[in-house]
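*Asks:* Numbering (UniProt numbering), first residue to last: 1 to 751.
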Amino acid sequence: MFILHVALQGCLRAGPIDYGVTADTGGHIRYVLDLVRHAGARPEVMRQEIVTRAFRDGALGPDYARPRERYDAKTEIVRLRGSTDDYLEKEALWKDHDALTAAFLTYLQTLPRLPDLLHAHYADGGVIAMRAARELGLPFVFTAHSLGRVKAEACGEPRAPRRVPTGSSVLDRRIRDEEAVIGAADAIIASSRDEAELQYGLYRAADPARITVNPPGCYLDPAQIEAAPRTAWEESVARFLTDPSKPPLLALARPVRKKNLTGLVKAFGESPALRERANLVVFAGTRGDLKHQVPENRAVLEELLYLVDRYDLYGQVALPKAHDPADVPGIYAAAASLGGVFVNPALNEPFGLTLLEAAAAGLPVVATRSGGPSDIVGRCRNGVLVDPLDSADIAAGALSLLTNEARWAECVRNGLASCSYYDWPRHSADYVRLARRLTRPRPAPVVLSRQRRFLLSCDIDDTLTGDKEALAAFGRWRASDREHHFVVNTGRSLHGAIDVLRRWGAPVPDAMITSVGSEIYHLHDGDWTLSADDDWARHIGQDWDAEAVHEAVLRFAREAEPNLVPQPARDQRRFKLGYLCPDDPGIAARLRDWLRGLGHQVIVIFSHGRFLDVLPHRASKGHALDYLRAKLDVAPGHVLAAGDSGNDTEMLTMAGHPILVSNYTRELDALARVGRAYVSSYPHAAGVLDGVTAFHGRRLSGEGGLLTNRTRAAQGLVTKRRVVHGTSRGHLSGSTTDQCADDRAGARTPS
């Protein structure tokens, strides 16, 4: 396989990366170089090239004018000349699009064979790759690294509708380019769920089915950091500080506004408690004479120096002029040995690689809650998230770790134990799998198979998941089964559901009903190739005006429920509005009646004592399941559904054959007594398989070791519970109106 990358921004070369030497020389270059190195280690990849822009600048050195440069045995860097030899900042690259496109097409025509896949980085690389892909019929992948709409929000602009801007500003032009590239790309690689769902969700052209979440790896490991020399710290940091033995707040970032280093200095300067307990150490890229810095870098550096003076932080703040990339492991190690904390206060951080490096070093983190850090801290549990625009919140987050030794130590342990997930072999394996899928012959339009006579719909959390051995047995059954369409039916978002299924090693379903029945996706070829069901979206979207409904809910909150507040933006979907509310089941009916009185035909769902979802009246887990049943031409009596909690009530009720796994919650006790459901003696996936085999008149015993010790233990505990509650194998009947959302607690905490 021959993969060609297009990465135009910043100073890209085979040698060391001069982070911050220009405003655009940052983490995306590290990502591209690490990606090609690890992808090139895989046998499927025979050749790679990185196409970037050639320029001449005496201050930056001669490397960037060389037409070709060898990176490794499989990879070359190719530099194309555009309309000027000057270095161009990203804000000016649009002027070179036409010239670079022409140069790129000419270059491709000289190759003995065309690339199998183009991979574009940032919107400028995306424009060039999109045009070439269209001209030559090549597939292309897009990685944004940073998005214009997100930058606009981070800079204080109000969240705009998803319409394409028509203005002539640099940011408007960038957003238009991003919309075009996002719409044309065969696949989009996001680093986090936040990026996939919230950030790309700001774009009209974004299709969740074409977005893959694949977090990059961390190139540092704990052993490497522990062994690293600490010379740079001793030589360049200690000389700034009156008491260098204090725990440091450490930041490493380019001096650009979006990294919000000035916000960190303000937080430190305005908190006497923080100044008393810690020093502040900021590595703001590499700089020489301030007069020769690019305008944005110079402005940020000058403001940092001004703030040190304004708050009289001399002796408490270190601002070294430069550091070598080879010094970074030792910098982390020194900060960790002093009991410090790593801080990333960016206005928005698409991913947050430095947080992983800090975790590998044994440093707890204080990180912006805007962007990828919410995924990293959520998975690694190695620190706290803060509002980057709130100086007091940043200071409080740091103090919460510095003043609590037990919490500090717990975050260290968690980070060291969890950071190994973010490794390059895993990332490159998933990346090459995606590349192979995109370079296969294009599949024919989806024709849903009607050869399978039955439809099995399963909840995820605590139904399929909960026992890995039982889930593996379910997977073996699924691999040999030829009778059932297998569907997962969940309140989780698409990428949240995929993340859980993949982490648990669940079999790939035929379809996914996500976000409480508001979205349906079909999967193909037995892997995670997805396509959205647009017919379902059109069906439930009739007369749905999300903005008007949201405004009406906010009015209801102002007039009747002041404690009703929106959930975080990442939990909002095109056809699902999420809110938090007091533990009052009656609120769903009151809000529904209010909205319907205003002419909004909606379903309102209350679950887990605090979650409230508002959806179009045609959308629900049960209605989505019935839609799929009809589309697959499955008889109503041939639908099986398995669940464990009250969130699954409607899905279970609408199925011809409901299955309750033995670990079902008390919310389903009444349904279990009524008389139509199969109540399994087995928990989790074992209970699902037990229900399926019972429906077909088979016995569960002997199912390839399905009855594990854990399953037996759980079965015994559940049997005792059944005696207490007076339930036994029974059946389910009845229906509900405003049904609950699926596995909502699990959607916000690790499974």
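For glycine and all other residues, C-beta sits at the position ideal for the given N, C-alpha and C. Since this is a predicted model, take the numbers as computed values, not measurements.
Could you say which of T110, I128 and Q109 lies nearest to L118 if we only look at CA atoms?
*Replies:* The residue given as residue 118 occupies position 118 in the sequence shown. When each option's Cα is compared against that of L118, the closest is I128.
*Asks:* Please classify Q199 as buried or exposed, where buried requires at least 16 neighbouring CB atoms within 10 angstroms.
*Replies:* Within the sequence shown, numbered from 1, the residue matching residue 199 stands at position 199. So Q199 ends up on the buried side.
*Asks:* When DSSP builds the beta bridges, which residues end up paired with V679?
*Replies:* For this step, residue 679 is matched to residue 679 along the sequence shown. Per DSSP, L660.
*Asks:* Indicate whether the contact test is met: 3 or more Cβ pairs, each with one atom in the segment 369-380 and one in the segment 292-304, closer than 8 Å.
*Replies:* Short answer: they don't touch.
*Asks:* Using a 10 Å radius around the Cβ and a threshold of 16 neighbouring Cβ atoms, would you call D545 buried or exposed?
*Replies:* Taking the sequence shown and counting its residues from 1, one reaches residue 545 at position 545. Flag for D545 reads exposed.
*Asks:* Between which two residues does the alpha helix (DSSP H) carrying R503 extend?
*Replies:* Taking the sequence shown and counting its residues from 1, one reaches residue 503 at position 503. That run of the alpha helix (DSSP H) goes L494 to W504.
*Asks:* Only counting the same chain, and skipping five residues up and downstream in sequence, which positions put a Cβ closer than 6 Å to that of F2?
*Replies:* Along the sequence shown, one-based indexing puts residue 2 at 2. The residues are R47, P115 and D116.
*Asks:* Could you work out which residue in T490, S457, V500 and L399 is closest to K468 when comparing CA atoms only?
*Replies:* If you number the sequence shown from 1, residue 468 lands on position 468. For K468, the nearest C-alpha among the options comes from V500.
*Asks:* With a threshold of 16 other CB atoms inside 10 Å of the CB of S518, please say whether the residue is buried or exposed.
*Replies:* Taking the first residue of the sequence shown as 1, we reach residue 518 at position 518. By the 10 Å Cβ count, S518 comes out buried.
*Asks:* Please name the residue, chosen from A677, R452 and S418, that lies closest to C218 on a Cα-to-Cα basis.
*Replies:* Within the sequence shown, the letter at position 218 stands for residue 218. Ranking A677, R452 and S418 by Cα distance to C218 puts S418 first.
*Asks:* Can you tell me the Cβ-Cβ gap for R453 and H638, rounded? I've got them flagged as a contact below 8 Å.
*Replies:* Here the question's residue 453 lines up with position 453 in the sequence shown. Here the question's residue 638 lines up with position 638 in the sequence shown. The pair is a contact, with the Cβ atoms about 6 Å apart (cut-off 8 Å).
*Asks:* Thinking V343 and L264 are a contact (beta carbons under 8 Å), I'd like their distance in whole angstroms, please.
*Replies:* Start at 1 with the first residue of the sequence shown, and residue 343 comes out as number 343. Start at 1 with the first residue of the sequence shown, and residue 264 comes out as number 264. Sure, about 6 Å apart at Cβ, within 8 Å.
*Asks:* If we count Cβ pairs, one from each stretch, closer than 8 Å, do we get three or more for the segment 678-690 versus the segment 621-634?
*Replies:* No: the two stretches stay apart, fewer than three of their Cβ pairs being nearer than 8 Å.
*Asks:* Looking at L88: is its Cβ nearer than 9 Å to the Cβ of D96?
*Replies:* Counted from its first residue, the sequence shown places residue 88 at position 88. Counted from its first residue, the sequence shown places residue 96 at position 96. Against a cut-off of 9 Å, the Cβ pair of D96 and L88 comes out as a contact.
*Asks:* On the CB-based measure, 16 or more other CB atoms within 10 Å of its CB, does Q316 come out buried or exposed?
*Replies:* Residue numbering aside, residue 316 sits at position 316 when the sequence shown is read from its first letter. With 16 or more other Cβ atoms within 10 Å, it is buried.
*Asks:* I'd like to check one pair, K258 with L347: are the Cβ atoms closer than 9 Å?
*Replies:* Translated into the one-based positions of the sequence shown, residue 347 becomes position 347. Translated into the one-based positions of the sequence shown, residue 258 becomes position 258. Against a cut-off of 9 Å, the Cβ pair of K258 and L347 comes out as a contact.
*Asks:* Would you call T290 buried or exposed, if buried means 16 or more other Cβ atoms sit within 10 Å of its Cβ?
*Replies:* Counted from its first residue, the sequence shown places residue 290 at position 290. Reading off the sequence, residue 290 comes out as Leu, not Thr. So L290 counts as exposed.
*Asks:* Have a look at the DSSP bridge pairing and note the partners of F2.
*Replies:* By 1-based counting over the sequence shown, the position of residue 2 is 2. BP columns for F2 point to R47.
*Asks:* Report buried or exposed for G586, applying the criterion of at least 16 other Cβ atoms within 10 angstroms of its Cβ.
*Replies:* Counting from 1 along the sequence shown, the entry for residue 586 is found at position 586. Looking at its Cβ environment, which holds fewer than 16 other Cβ atoms inside 10 Å, G586 is exposed.
*Asks:* Given a cut-off of 9 Å on the beta-carbon distance, is the pair L455 and H484 in contact?
*Replies:* The count along the sequence shown starts at 1 and reaches residue 455 at position 455. The count along the sequence shown starts at 1 and reaches residue 484 at position 484. Cβ atoms of L455 and H484: closer than 9 Å.
*Asks:* Does the segment 613-620 come close enough to the segment 503-518 that 3 or more CB-CB pairs lie under 8 Å?
*Replies:* They touch, by the three-pair rule.
*Asks:* In the DSSP assignment, the alpha helix (DSSP H) including G476 goes from what residue to what residue?
*Replies:* The sequence position of residue 476 within the sequence shown is 476, counting from 1. Here residue 476 turns out to be Arg, not Gly, going by the sequence shown. Element bounds for R476: K468 to S480.
*Asks:* Given P373, which residues of its chain have a CB within under 7 Å of its CB, disregarding the five upstream and five downstream residues?
*Replies:* Against the sequence shown, residue 373 aligns to sequence position 373. For P373, where only same-chain residues beyond five positions count, the Cβ hits under 7 Å are N344, E349, G352, L355, A367 and L385.
*Asks:* Would you call the segment 534-545 and the segment 554-567 touching, i.e. three or more CB-CB distances under 8 Å?
*Replies:* The segment 534-545 vs the segment 554-567: no contact.
*Asks:* Entirely within the segment 612-663 and at least 3 residues each: give me those beta strand (DSSP E) ranges in chain order.
*Replies:* 639-643 and 657-660, all fully within the segment 612-663.
*Asks:* Terminal residues of the continuous alpha helix (DSSP H) containing S192?
*Replies:* Here residue 192 is taken as the residue at index 192 of the sequence shown, counted from 1. Careful: S192 lies outside any alpha helix (DSSP H) and carries neither H nor E.
*Asks:* With burial defined as no fewer than 16 other Cβ atoms inside 10 Å of the residue's Cβ, what is the status of R53: buried or exposed?
*Replies:* Counted from its first residue, the sequence shown places residue 53 at position 53. R53 comes out buried.
*Asks:* So what's P325 in DSSP terms, helix, strand or just coil?
*Replies:* Here residue 325 is taken as the residue at index 325 of the sequence shown, counted from 1. It is helical.
*Asks:* Restricting to runs no shorter than 4 residues, where is the alpha helix (DSSP H) found entirely within the segment 46-132?
*Replies:* Those alpha helix (DSSP H) runs which fall completely within the segment 46-132 and span 4+ residues are 97-110.
*Asks:* Based on DSSP bridge pairs, tell me the residues matched to A511.
*Replies:* Counted from its first residue, the sequence shown places residue 511 at position 511. Bridge partners of A511: V487 and H522.
*Asks:* For the candidate residues V45, A39, L33 and A470, whose alpha-carbon lies nearest to that of P16?
*Replies:* Residue numbering aside, residue 16 sits at position 16 when the sequence shown is read from its first letter. Per the Cα distances, L33.
*Asks:* With DSSP as the reference, identify every bridge partner of E349, one or two as the case may be.
*Replies:* Position 349 of the sequence shown holds residue 349. In the DSSP output, where bridge partners are listed per residue, E349 has G371.
*Asks:* Express the C-alpha separation of A123 and A152 in angstroms, rounding to a whole number.
*Replies:* Position 152 of the sequence shown, counted from the first residue, corresponds to residue 152. Position 123 of the sequence shown, counted from the first residue, corresponds to residue 123. Approximately 15 Å between the Cα atoms of the pair.
*Asks:* By DSSP's criteria, R573 is part of a beta bridge. Which residues make up the other side?
*Replies:* If you number the sequence shown from 1, residue 573 lands on position 573. DSSP output for R573 lists K576 as bridge partner(s).
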